[in-house]
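*Asks:* So in the UniProt record's numbering, spot 39 of the sequence shown is number 39, and the numbers just go up one at a time.
Idealized CB from N, CA, C, for every residue including glycine.
Predicted model, so just to flag it, every value in this text is computed and none were measured.
Quick one: this structure, given as structure tokens, is what I'll be asking you about.
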Amino acid sequence: MNRFVNVAAASLFASATLFLACTHSSSTPSPANQIKLGQNQSGRLSSGVTVKVDSLSDSRCPINAICIWGGNVVLRAVLTKDTDTKSVRLTLGPDPANPTNKRPDSTGVVLGGTTYKVVLRDVTPFPGSGSTEPKQALVEVAAR
């Protein structure tokens with residue numbers, strides 16, 4: 001009987017954990033705050049912020065390869081709103097240029113008196129995936 005209670009409790013806990021992991025938080029930014037751009041491309045978000053990708057460097061270890069370093073992606077972009085312009089450098093993976101930065105994938109900028117959080121969410125395609133598509137960065141710019 002005691003074993004049955006333990007198994008039932010463990011199953012209930014696992015089910016609850018799985019359910020909570022699959023639910024979305026209400027603080028998830030809307031796609032209107034995200035833009036997908038390739039190198040030398042620019043686009044304007046609904047907030048009025050323009051994002052221009054100056055450079056996109058991808059040294060991630062290719063799929064099914066054995067590497068001594070996982071590599072990273074470095075994005076350099078310029079954000080503009082009205083007459084304010086800021087340059088940002090974001091990294092997916094470790095950032096050897098700034099090893100003390102715990103969140104190299106995000107930064108804060110002030111444009112037009114508003115503070116924005118800029119996050120490099122993803123870069124596709126992944127090296128070694130076989131895709132011939134040009135690299136594109138998914139950038140999120142959300143007012144704080």
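According to DSSP, simplified to helix, strand and coil, what is Ala65?
*Replies:* Looking up residue 65 in the sequence shown gives position 65. Three-state DSSP puts Ala65 in coil, outside helix and strand.
*Asks:* Nearest CA to the CA of Pro104: which residue from Asp54, Thr115, Arg89 and Gly71?
*Replies:* Position 104 of the sequence shown, counted from the start, is the residue given in the question as residue 104. Considering only alpha carbons, the answer is Arg89.
*Asks:* Output the boundary residues of the beta strand (DSSP E) element that contains Lys86.
*Replies:* Position 86 of the sequence shown, counted from the start, is the residue given in the question as residue 86. Element bounds for Lys86: Asp84 to Leu92.
*Asks:* Write down the C-beta distance between Gln39 and Val53 rounded to the nearest angstrom, noting that I regard them as a contact closer than 8 angstroms.
*Replies:* One-based indexing of the sequence shown puts residue 39 at position 39. One-based indexing of the sequence shown puts residue 53 at position 53. Sure, about 5 angstroms apart at Cβ, within 8 angstroms.
*Asks:* How would you write the range of the beta strand (DSSP E) that Val109 sits in, first residue to last?
*Replies:* Position 109 of the sequence shown holds residue 109. It spans Ser106 to Leu111 - the beta strand (DSSP E) in which Val109 sits, taken as one unbroken run.
*Asks:* Within this structure, are the beta carbons of Phe126 and Arg60 separated by less than 8 angstroms?
*Replies:* Position 126 of the sequence shown, counted from the start, is the residue given in the question as residue 126. Position 60 of the sequence shown, counted from the start, is the residue given in the question as residue 60. In contact: Phe126 and Arg60 (Cβ atoms closer than 8 angstroms).
*Asks:* Between the beta-carbon of Val73 and the beta-carbon of Thr91, is there less than 8 angstroms?
*Replies:* Counting from 1 along the sequence shown, the entry for residue 73 is found at position 73. Counting from 1 along the sequence shown, the entry for residue 91 is found at position 91. A contact, by the Cβ cut-off of 8 angstroms.
*Asks:* Can you give the Cα-Cα distance for Ser57 and Gln41, rounded to whole angstroms?
*Replies:* Here the question's residue 57 lines up with position 57 in the sequence shown. Here the question's residue 41 lines up with position 41 in the sequence shown. So the alpha carbons of these two residues sit roughly 14 angstroms apart.
*Asks:* Tell me which residue opens and which closes the beta strand (DSSP E) that Lys117 is part of.
*Replies:* On the sequence shown, position 117 is the one that residue 117 refers to. Lys117 -> beta strand (DSSP E) spans Thr114 to Thr124.
*Asks:* When burial is assigned at 16 or more other CB atoms within 10 Å of the CB, is Lys135 buried or exposed?
*Replies:* One-based indexing of the sequence shown puts residue 135 at position 135. Result: buried.
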